[in-house]
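Input: a single structure, listed below in structure tokens.
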Amino acid sequence: MTFPLPFAPRRIAIGASAHVGIAESIRARRPDLELRGKVFTEITAEDLAWAEAYIGFKRPPSVADMGNVRWIQCTGAGVDSWMSSDLDPSILLTRSPESFGPMIAEWAVSRMFAIQLQVLELAQAQRERRWAPRDIARVAGTRALVVGTGDIGRAIARSLQALGVHVTGVSRSGTVSGTDDSAAFSAVHAASEIANLVGNADWIVVAVPDTPASRGLISRDVLSRCRGAVLLNAGRGSVVEETALPEALDNGWLRGAALDVFATEPLPVDSPLWSDPRVMVSPHISGLTTIDGAAHGFLECLESLERGALPKWMVDRTRGY
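Heads up: the sequence shown runs through residues 733 to 1053, numbered per my numbering.
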């Protein structure tokens, strides 16, 4: 994109629940900046008319446009909340460089162990004071298909490989994003091959953002080709055909699911996923932005702009990341 450089904004609006902490962290390094922060739902048109740059994960819901803001720094790795067609295309959009991979890998591993070791069933038996011996299978030796080979997918693959899991990757291009950690995958295939890969997986771990290419990737047809796998989704709800999950579980295509993201968030109270004992629901907490990470990401991008360079973390709006 064409963006006037150098760009040295001095008035910064922060729309986040942790706006006080983010502002304090930025101010400690850049006392020359003027900072105004609120919870993102309370950001007003006046705030955006005042600001030259905005820091936040989501677009403020009560404003028609972004006012005088010329640069948006998204505090998350996924920028789907900013990708609406009416966002001025001349606004620079960047994303956080914070690595969410290690935390999301811990989320995935914890769910895999909970399911494989039947932790929920044993906890229920304990509540009922019922002695419930059972056969327990190991995680080591199982097969995982990790959908997404970026920072998050690579961190998941490293963790699973260390546990003795055989890991195959899936990416848009059929290659590993970045130059490191490719050895964590035994092989990497293009997303177009996914329907032929899921049948060999015990675990299908989704770690891709919401993009035009990823929406509906885990479709009903793909789910129907699974053979008792467990689906774990820490990417975005739009990647999975959520309405097909009850059918997939009832037909044995899936034996379970651990879901951190959903088509609609919060997950509606009438969703059948809440009450299904084969499903573990968490409220989009697998990879959380830290105050230091949000502040550091903004300052890294700001320093690039001030010296006349587009930030490394600039979002390609055609790809969605």
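We put the beta carbon where it would ideally sit given N, CA and C, even for glycine.
Less than 9 Å separating the beta-carbons of residue i and residue j?
i	j	result
W935	A961	yes
M835	G1019	yes
G906	A922	yes
T937	C958	Before going further, note that residue 937 is Val rather than Thr in the sequence given. Cβ distance not < 9 Å, so V937 and C958 don't count as in contact.
M1012	L991	yes
Q893	F1030	no
S924	S946	no
G1040	L765	no
S1014	W839	yes
G873	V841	no
G967	G833	no
A777	V801	no
R866	E853	yes
A976	L955	yes
P763	R1049	no
In the DSSP output, which residue or residues are listed as bridge partners for residue i?
i	result
C958	For C958, which the question treats as bridged, DSSP gives no partner whatsoever.
H751	DSSP lists no partner for H751.
G988	V962
Q805	I787 and T826
L877	T900 and I936
V795	DSSP lists no partner for V795.
M1046	T826
Got a sec? Which residues, its chain only, sit under 6 Å from residue i by beta carbon, not counting five neighbours each side?
i	result
F739	L1037
P792	G747, F772 and I775
L981	R1010
G769	I746, H751 and A755
N965	V938, V972, L991 and V993
G988	I847, V962 and R1010
D883	S831 and G833
What residues in its chain sit with their C-beta under 7 Å from that of residue i, if we drop five residues either side in the sequence?
i	result
S914	V908
G885	V878, G901 and A939
F735	L824 and L1042
S891	A837 and V841
E1035	none
I868	L849 and Q850
CB-CB under 8 Å to residue i, same chain, minus the five flanking residues each way: which ones, in chain order?
i	result
W863	A857
A933	R875, A876, L877, T900, C958 and A961
P1004	P978
L780	A745, Y786, P792, V795, D797, M798, G799, N800 and V801
Say yes only if the C-beta of residue i is nearer than 8 Å to one or more non-hydrogen atoms of the ligand ZN, and no if none qualify.
i	result
G1019	Summarising the ligand content, the structure contains no ligands, and the ligand ZN is consequently not present.
Would the segment 941-961 and the segment 807-819 be scored as touching if the rule is three or more Cβ pairs under 8 Å? Three or more beta-carbon pairs separated by less than 8 Å link the segment 941-961 to the segment 807-819, which places the two stretches in contact.
Taking three-plus beta-carbon pairs below 8 Å as touching, is the segment 1023-1033 in contact with the segment 990-1004? Pairwise C-beta distances place the segment 1023-1033 out of contact with the segment 990-1004, as fewer than three of them are shorter than 8 Å.
Are the segment 783-792 and the segment 740-749 touching by the rule of at least three beta carbon pairs closer than 8 Å? Yes: at least three Cβ pairs fall under 8 Å.
So, do the segment 819-833 and the segment 842-851 have three or more beta carbon pairs nearer to each other than 8 Å? Using a C-beta cut-off of 8 Å, the segment 819-833 makes no contact with the segment 842-851, since fewer than three inter-stretch Cβ pairs fall below that distance.
Length-filtered (3 minimum) beta strand (DSSP E) runs lying within the segment 990-1036: Runs of the beta strand (DSSP E) inside the segment 990-1036: 1011-1013.
Quick one: which unbroken beta strand (DSSP E) runs of 3-plus residues sit fully inside the segment 888-965? Chain order, please. Taken in chain order, the unbroken stretches of beta strand (DSSP E) that lie wholly in the segment 888-965 and span 3 residues or more are 898-903, 919-922, 935-938 and 961-965.
Within the segment 739-790, note down every full alpha helix (DSSP H) run reaching 4 residues or more, in order along the chain. Within the segment 739-790, the complete alpha helix (DSSP H) runs of at least 4 residues are 751-761 and 777-782.
Sequence ranges, beta strand (DSSP E) only - wholly within the segment 835-874, length at least 3: Runs of the beta strand (DSSP E) inside the segment 835-874: none found.
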